[in-house]
Amino acid sequence: MERELIVTGVGGQGIQLLAKTLALAATREGRYAMLAADYGGEMRGGPSKAGVVVGDAPLHALPILPSAWSAIFAHHRFAEGVQDRLRPGGIVVANTPLVDPDGFRADLRVFVVDAMAAAKECGAPNASGFVLLGAYNALTTMVAAASLVAAMEELLPPYRQQHAPANARALEAGALTVRAGVA
């Protein structure tokens, strides 16, 4: 199995960190993963995209993805062309209200998550990216939930370690949105 994910949003939403977290979790589980980051020079508000490929064997797809199995749309800005790269039946996690779920092709499986509301509700208002990743992982079972938490904790720099418990709650909150049928 080889699965591709495109993540798109704006700088400051945690796009790069959530992509790195998924790739690291997969490798820590003994799987193969590749990651490509694409972002603007701005600290916040600029374009931010990432490609992640995860597989059970050495990978054939490069993380620069002309087509993909799935996508997370964290924001509508800078998302142009991503939907066109999704294969029919692809999985989409759409962050509402920032992304209009009615704007997707009919052949995609679109799951709506209000990541900002879920993040605030679980006491992690700055972790909406992890809410989206938790929802995505619950839908795809790409990796074990505990592997995401461990990877996130490993990736946080020492000066951000205090956010680990809130980020873990955000991952779980995202998973709960899709398990409860909210997505």
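Everything in the sequence shown is counted per full-length UniProt numbering, starting at 1 for the first residue and increasing by one.
Built from N, CA and C at the ideal position, the CB exists for glycine as well.
The structure displayed is predicted, hence computed values, not measured ones.
Reference Cys122; option with closest CA among Leu176, Leu86, Trp69, Val99: Leu176
If contacts are defined as beta-carbon pairs under 8 Å, then Leu132 and Leu148 qualify, I think. What distance do you get, rounded to the angstrom? Not quite, the Cβ-Cβ distance comes to about 12 Å (not below 8 Å), so this is no contact.
Give the DSSP bridge partners of Phe73, in chain order. Thr8, Ala94
Delimiting residues of the beta strand (DSSP E) encompassing Ala36: 32-39
Indicate the three-state DSSP secondary structure (helix, strand or coil) for Glu121 in the structure shown. helix
For residue 187, three-class secondary structure by DSSP: For the chain, the structure presents residues 1 to 183; residue 187 sits outside this window and is missing.
Classify Leu62 as helix, strand or coil using the three-state DSSP reduction. coil
Boundaries (first-last residue) of the alpha helix (DSSP H) holding Gly174: 164-179
So, helix, strand or coil for Val182, using DSSP? Reliability of the predicted coordinates at Val182 is poor, the pLDDT of 48 falling under 50, and no value is obtained from them.
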